[in-house]
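Protein sequence lines correspond, in order, to chains A and B.
Each residue of the first sequence is one higher than the one before, starting from 2 at the first, in the working numbering.
Each residue of the second sequence is one higher than the one before, starting from 9 at the first, in the working numbering.
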Amino acid sequence: GDSVTQMEGPVTLSEEACLTINCTYTATGYPSLFWYVQYPGEGLQLLLKATKADDKGSNKGFEATYRKETTSFHLEKGSVQVSDSAVYFCALGGSGGSYIPTFGRGTSLIVHP
Amino acid sequence: ETGVTQSPTHLIKTRGQQVTLRCSSQSGHNTVSWYQQALGQGPQFIFQYYREEENGRGNFPPRFSGLQFPNYSSELNVNALELDDSALYLCASSDVGLSEQYFGPGTRLTVT
Numbered sequence: 002g003d004s005v006t007q008m009e010g011p012v013t014l015s016e017e018a019c020l021t022i023n024c025t026y027t028a029t030g031y032p033s034l035f036w037y038v039q040y041p042g043e044g045l046q047l048l049l050k051a052t053k054a055d056d057k058g059s060n061k062g063f064e065a066t067y068r069k070e071t072t073s074f075h076l077e078k079g080s081v082q083v084s085d086s087a088v089y090f091c092a093l094g095g096s097g098g099s100y101i102p103t104f105g106r107g108t109s110l111i112v113h114p
Numbered sequence: 009e010t011g012v013t014q015s016p017t018h019l020i021k022t023r024g025q026q027v028t029l030r031c032s033s034q035s036g037h038n039t040v041s042w043y044q045q046a047l048g049q050g051p052q053f054i055f056q057y058y059r060e061e062e063n064g065r066g067n068f069p070p071r072f073s074g075l076q077f078p079n080y081s082s083e084l085n086v087n088a089l090e091l092d093d094s095a096l097y098l099c100a101s102s103d104v105g106l107s108e109q110y111f112g113p114g115t116r117l118t119v120t
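Take a look at the structure:
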């Protein structure tokens with residue numbers, strides 16, 4: 002079945018450092034890919050998405066490129082802020098006729114001033 | 009445009025009891041999905057409803073059931089609660105099944 006693997010956290014950075022959170026997936030077909038962010042005590046918010054190979058999703062300085070050849074969708078940001086501290090989830094939409102979305106386990110990001 | 013709302017915010021139940029959680033979808037959205045999120049884990053898909061019909065189900069037992077109403081709001085019912093059912097239950101709406109989902113704040117269920 003479909004699966005998403007994210008790098009283990011927590012990721013701890015100083016403000017203005019560069020961020021990369023790795024995400025790889027296994028799926029039949031060509032699913033849409035998403036990054037969601039969850040702030041403490043809240044539900045998930047869509048951060049960005051990509052619907053086909055080589056698409057780049059971007060939002061709030063975050064970017065991720067749908068790489069079919071490496072089945073990856075790594076999240077990047079050039080300069081993180083304390084307010085970016087949260088848990089980030091990589092997810093894929095259903096594939097191969099399935100409507101079941103699949104989420105990774107999440108990666109906690111802690112940014113220090 | 010109103011977002012996804014869920015009620016109640018928190019709930020404490022005893023093992024063996026039954027619980028109903030409620031979700032109002034974002035206006036214009038006809039699809040609702042329910043997820044269980046255990047502490048430190050990603051959301052696990054329970055099921056999805058599209059225009060009042062179940063449209064997909066994850067690996068959860070039949071004591072997890074749901075409904076979607078004509079206004080696209082939804083309920084999640086859990087019978088015979090077990091301690092492992094303690095989790096954050098998230099509802100998400102979307103306009104079609106595979107598009108991006110908009111999440112509510114969740115209901116924190118504690119089973120004692």
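Built from N, CA and C at the ideal position, the CB exists for glycine as well.
Taking 8 Å as the upper bound for CB-CB distance, alanine 88 of chain B and arginine 116 of chain B are not in contact here, some 20 Å apart. Spatial neighbours of glutamine 56 of chain B in its own chain (CB-CB distance under 6 Å, excluding positions within 5 residues in sequence) are listed in chain order as Ser41, Asn63 and Gly64. Residue contact with chain A for alanine 95 of chain B: absent (no Cβ-Cβ distance below 9 Å to any residue of chain A).
At a Cβ-Cβ threshold of 9 Å, histidine 37 of chain B and tyrosine 97 of chain B do not count as neighbours.
Looking from the CA of lysine 53 of chain A, the closest CA among A:Leu47, A:Gly44, A:Tyr40 and A:Arg68 belongs to A:Arg68. Within the region 26-71 of chain A, the beta strand (DSSP E) runs of at least 3 residues that lie entirely inside it are, in chain order, 34-39, 45-51, 57-60 and 63-66. Shown in chain order are the members of the region 61-78 of chain B whose Cβ falls below 7 Å from a Cβ of chain A: Asn63, Gly64 and Gly66.
Checking the DSSP bridge columns, you'll see glutamate 77 of chain A partnered with A:Thr21 and A:Glu64. Looking from the CA of methionine 8 of chain A, the closest CA among A:Gly105, A:Ala51 and A:Val112 belongs to A:Gly105. Inter-segment contact for the region 75-92 of chain A and the region 26-46 of chain A is present: three or more beta-carbon pairs are separated by less than 8 Å. For arginine 65 of chain B, the uninterrupted beta strand (DSSP E) run begins and ends at 61-65, by DSSP. The region 64-79 of chain A and the region 21-33 of chain A touch, with three or more beta-carbon pairs separated by less than 8 Å. For the pair glycine 24 of chain B and threonine 21 of chain A, the Cα-to-Cα distance works out to about 44 Å. Closest in alpha carbon position to aspartate 3 of chain A, among A:Thr13, A:Gly10, A:Ala18 and A:Pro32, is A:Pro32.
Separation of threonine 17 of chain B and glutamate 77 of chain A (C-alpha to C-alpha, rounded to the nearest whole angstrom) is 33 Å.
Under the Cβ distance rule, glutamine 34 of chain B does not count among the residues neighbouring chain A, no pair being separated by less than 9 Å.
Setting aside the 5 residues that flank it on each side, glutamate 64 of chain A is surrounded in the same chain by Leu49, Lys57, Gly58, Leu76, Glu77 and Lys78, each with a C-beta closer than 8 Å to its C-beta; the list follows chain order.
Listed by position along chain B, the residues whose Cβ is nearer than 9 Å to that of leucine 47 of chain A are Glu108, Gln109, Tyr110 and Phe111. At the C-beta level, glutamine 26 of chain B and asparagine 85 of chain B come within 9 Å of one another.
Burial of glycine 114 of chain B is indicated by the presence of at least 16 other C-beta atoms within 10 angstroms of its C-beta.
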